[in-house]
Amino acid sequence: MAKAQAIPMEDPRPGTRIPVRVKARKLTQDVVPVKEPRASMQVLRSTKQWLDQIVDEKQFRTYDEAIMFLITERQKHLPSDFGAFPDLKEYVCNGED
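Rendered as structure tokens:
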């Protein structure tokens, strides 16, 4: 979040009757602490042992990498939905679509 900071300005043309603002506002950046993007979670001891084993075998640096590996491997082996609805008629474009 930016804060407005008052900065005094001088009259660029002394002796003129043009009203000049005495103070202008300039935006300054506040230092905002960044929250840690990690979340704590609870796992069973056996689950942690499995994760440790995966980290050791695949030489991952973090548990996050091991979990992402498990998710991508699972997605690779999901059954296909092709042919899930064999009773549907074949789609034919008739120009109205």
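Heads up: the sequence shown begins at 813 in my numbering, then just goes up one per residue.
Quick reminder that beta carbons are idealized off the backbone N, C-alpha and C, glycines included.
Hey, residue i and residue j: beta-carbon distance below 7 Å or not?
i: A878; j: V867; result: yes
Apart from the five residues on each side of it in sequence, which residues of its chain come closer than 7 Å, Cβ to Cβ, to residue i?
i: L896; result: Note on identity: in this sequence residue 896 is Ala, with Leu being the wrong assignment. Taken in chain order, the list of residues that qualify is empty.
Please work out which residues of its chain come closer than 6 Å, Cβ to Cβ, to residue i, disregarding the five sequence neighbours upstream and downstream, and give them in chain order.
i: F872; result: A878
By Cβ distance, which residues of its chain are closer than 8 Å to residue i, with the 5 residues on each side in sequence left out?
i: V855; result: L863
i: K888; result: none
Kindly indicate which residue of the options has the alpha-carbon position closest to the one of residue i.
i: L916; options: K847, T859 and M853; result: Nothing in the structure corresponds to residue 916, since the chain is present only between 813 and 909.
i: P849; options: R857, K870, T884 and D876; result: D876
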